[in-house]
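To convert a position in the sequence shown, counted from 1, into my numbering, add 676.
Cβ atoms here follow ideal geometry from the backbone N, Cα and C, with glycine treated the same way.
What follows is a short report on a single structure.
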Amino acid sequence: DNFLTVGALNYEYGSGLVADFSNYGKTNVDVFAPGTKIWSTTPNNEYEYLQGTSMAAPAVSGIAAIIRGYYPQLTAAQVKQVIMDSGLTTNASVIVGGDRNNTQKFQELSTSGKMANLYNALILADQIAKNK
């Protein structure tokens with residue numbers, strides 16, 4: 677109850693929202709975060725656009741770290757639930773696995789059916805912390 681699996685979002689909204697390389701599934705992915713064309717540091721003081729769930733997962737880790745920093749009384753399980761419950765969703769049908777013949781509702785591609793959102797997560801974490 678304290679381990680998050682993260683899928684990668686594309687920079688397009690609509691049918692191309694989910695990165696074609698991303699994992700997905702109600703039991704395989706908890707939440708989605710940006711994972712395509714992320715401006716990143718590379719060796720030798722350089723930068724380049726990178727992609728992958730290895731770009732999306734740190735975004736969600738950052739949200740968790742900020743929540744824990746502001747609300748250290750919340751448990752890891754509570755932080756996970758906050759991230760999953762506070763995300764944004766869409767009713768869009770999205771292309772899955774880069775196969776234009778395979779479209780599904782975004783909400784069906786993860787346990788939460790949502791995209792991680794720091795602002796909403798902080799609002800929800802604050803409400804939970806005040807009720808403890």
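Top-ranked residue by Cα proximity to residue i, from the options
i	options	result
LYS790	MET731, ASP677, LEU685, ASN678	LEU685
ILE804	GLN749, GLN783, ASN704, VAL772	GLN749
VAL736	LEU798, THR717, THR703, GLU784	LEU798
VAL682	GLY763, ILE771, GLU688	GLY763
LEU794	SER716, PRO734, TYR723, ASN704	PRO734
THR765	VAL694, GLY738, THR717, PHE679	VAL694
Exposed unless 16 or more other CB atoms sit within 10 angstroms - verdict on residue i
i	result
TYR700	buried
PHE782	buried
PHE708	buried
THR751	exposed
For residue i, three-class secondary structure by DSSP
i	result
SER762	helix
ASN793	coil
ASP775	strand
LYS806	helix
Presumed contact (8 Å Cβ cut-off) between residue i and residue j, rounded CB distance
i	j	result
SER769	THR779	5 Å
ASP706	MET760	6 Å
GLY692	ILE771	6 Å
LYS713	GLU784	Actually they are not in contact, since the Cβ atoms of LYS713 and GLU784 sit about 25 Å apart, beyond 8 Å.
Of all the beta strand (DSSP E) runs that stay within the bounds of the segment 679-756, which reach a length of 3 or more residues?
-> Under the rule that a run must span 3 or more residues, the beta strand (DSSP E) segments found entirely inside the segment 679-756 read 682-685, 707-710, 714-718, 722-726.
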